[in-house]
């Protein structure tokens, strides 16, 4: 399978704990995006990378959230001191720069904060 | 700011019925417009897109036409199948932007 993959698919954590999600984009894609989707809503943009550079961050991305893409391949999204409001599906997408229309999405990581 | 307003669901149709899911947008300039579909337990898949006014996107029997004058991109299919049951999202990509703006999604259930 050469699509976007995300790990884990599901994560249950207690409030106050830190969690980290991983996204592996399509191998030749140099752009990687993170979105958050809450129940009954469409995905909302969080941040994106071109290669290893984080080029844009939404104001939704509070100080407790940090994303990295150290070698321009996979990316991690860490949430520190989780809150119940962080419960959502976290989606990753990738694309080629110059073909920004074509974003391919992964299956998502569903986070539940108890 | 840029936004998408999508017809609320859920929508339940009988097999072979005609489908319309309304989508209107607010944006400056000429954004690109998309329909994504999300099947249960799966990620979003691009269904179709249109990048300029009067373009028609089509795929798997679904169609949508980019209407600048009414700022709309309604999704249609002439004869739905049970396998079309999914959540459908309208989205826009601003001309000078890199992030998608999604609607809230419309859940479609097709019954035999």
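Chains as they are written, first to last, in my numbering: chain A, 3 to 116; chain B, 2 to 113.
The beta carbon of each residue, even a glycine, is placed where N, CA and C say it ideally should be.
| Asked | Found |
| --- | --- |
| Simplified DSSP assignment, three categories, for residue 88 of chain B | strand |
| Interfacial residues, the region 33-55 of chain B to chain A, with Cβ spacing under 9 Å | 33, 35, 37, 39, 42, 43, 44, 45, 46, 47, 50 and 52 |
| In chain order, each beta strand (DSSP E) run of at least 3 residues that lies wholly inside the region 32-110 of chain A | 33-39, 46-52, 55-59, 67-70, 77-81 and 90-97 |
| Own chain residues within Cβ distance below 6 Å of residue 22 of chain B, not counting five before or after | 8, 76, 89 and 107 |
| Below-8 Å beta-carbon distance, residue 63 of chain B vs any chain A residue | no |
| Contacts that residue 34 of chain A makes with chain B (C-beta to C-beta distance below 7 Å) | Within chain B, no residue comes near residue 34 of chain A; the closest Cβ sits about 11 Å away, beyond 7 Å. |
| Cβ-Cβ separation, residue 20 of chain A to residue 82 of chain A (assumed contact under 8 Å), whole Å | 5 Å |
| Where residue 104 of chain B meets chain A, residues with beta-carbon distance less than 7 Å | 44 |
| Span separating the alpha-carbon of residue 1 of chain A from that of residue 49 of chain A | Summary: the structure shown does not reach residue 1 of chain A, with chain A confined to residues 3 through 116, and so no result is reported for it. |
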